[in-house]
Amino acid sequence: MKFKPNNPFRTLLTGLLAMLPLVATLLLLAWTWQFVAEWLGPDSAFGRLLTRVGLGVATTEVTGYLAGLVLLTACVYALGLLVEAGLERGLARMVNFIMHRIPVVRTVYDVSSKLVSLFAKPEKDGLKSMSAVWLHFGGKGSEKTTVLLGLLSTSVPVMIGGQAFHAVLVPTAPVPIGGGLLYVPADWVEPADMGMEGVTSIYVSMGVTSSQYIK
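In numbering that gives the first Met the number 0, the protein residues as written are 0 to 214.
Right, dumping it as structure tokens:
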């Protein structure tokens, strides 16, 4: 099997996209656990009745934090190498098998996977109707306007109240698996000269890579 080394940032981005479905699922479960813990956890009134001795939380040292950050980055990068080499399929099948055996988790995981696949797939394999666009709030002719980068679901507008509107997906940064679906006036939308990879890179990097794709 041939493997051609790629740009390090792109490899890291590939690894990040590969692990996003699992991370998104874990984050949602962690949020749910935190919500439940506020009512039933050790710090709640109910929890204090059941708990005699609280668990102390140790302060993380700076060196320990940096070491953990380096280790996490290395793991993500290694995963990116596996994905680019096409060797991650076995691991993906195992994770999918485990996640789909848990009733509540499998629903969240499926949604996360579908959203991530929208950004992770090459343009020729993804949703061909999706295209990058600029949203000019207030219209392109306004002297002062806020510009937002989004994805046009389809070039065919819908009529709302006799006016043409476009459905535009607006991702979130730095994890572009969520966001909002906006119906905006058709004259607010302008095509952006970039592909899905550019949109993903800009959102994941929180705008750091903007100059690479916006000319």
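Where is the CB? At the ideal position from N, CA and C, for every residue including glycine.
This structure is a prediction, so every number in the text was calculated from the model and none was measured.
- Per DSSP, the beta-bridge partners of glycine 178 are Pro170.
- Taking the Cα of glycine 160 as reference, the smallest distance to any Cα among Met195, Tyr202 and Val183 is reached at Val183.
- According to the DSSP assignment, serine 210 belongs to no beta strand (DSSP E) but to the alpha helix (DSSP H) extending over 209–212.
- With contacts defined as CB atoms closer than 8 Å, leucine 80 and threonine 24 fail to qualify as a contacting pair.
- Within the same chain, Cβ atoms closer than 7 Å to the Cβ of threonine 208 are found at Ser200 and Ile201, the five residues on either side in sequence being excluded.
- Going by DSSP, serine 200 is part of the alpha helix (DSSP H) stretching over 195–203.
- Following the DSSP letters along the chain, one finds methionine 158 inside the beta strand (DSSP E) bounded by residues 157–159.
- Residue environment for glycine 140: exposed (fewer than 16 other C-beta atoms within 10 angstroms of its C-beta).
- 8 Å or more divides the Cβ of leucine 70 from the Cβ of glycine 14.
- Looking only at Val169, Lys143 and Leu21, the smallest Cα-Cα distance to leucine 181 is reached by Val169.
- If you check the CB distance, tyrosine 108 and methionine 98 come in under 8 Å.
- Of all alpha-carbon atoms in Pro190, Phe164, Met158 and Ala185, the one lying nearest the alpha-carbon of serine 130 is that of Pro190.
- Looking only at Gly149, Ala29 and Val75, the smallest Cα-Cα distance to alanine 17 is reached by Val75.
- A residue is called buried once 16 or more other Cβ atoms fall within 10 Å of its Cβ, and proline 173, having fewer, is exposed.
- For valine 198, the CB contacts under 6 Å within the same chain, skipping 5 residues up- and downstream, are Ala131 in chain order.
- Sequence-distant partners of methionine 205 (beyond 5 residues in either direction) whose C-beta falls short of 8 Å from its own C-beta, in its chain, are Ala172 and Pro173.
- Per DSSP, histidine 99 lies in no beta strand (DSSP E) and is assigned neither H nor E.
- Taking 8 Å as the cut-off, the Cβ atoms of valine 188 and leucine 151 count as close.
- Its chain contains Val146, Glu189 and Ala191 as the residues whose beta carbon lies nearer than 6 Å to that of tryptophan 133, once the 5 sequence neighbours on both sides are disregarded; these appear in chain order.
- No Cβ-Cβ contact shorter than 8 Å links aspartate 186 with glycine 137.
- For glycine 149, the uninterrupted beta strand (DSSP E) run begins and ends at 145–151, by DSSP.
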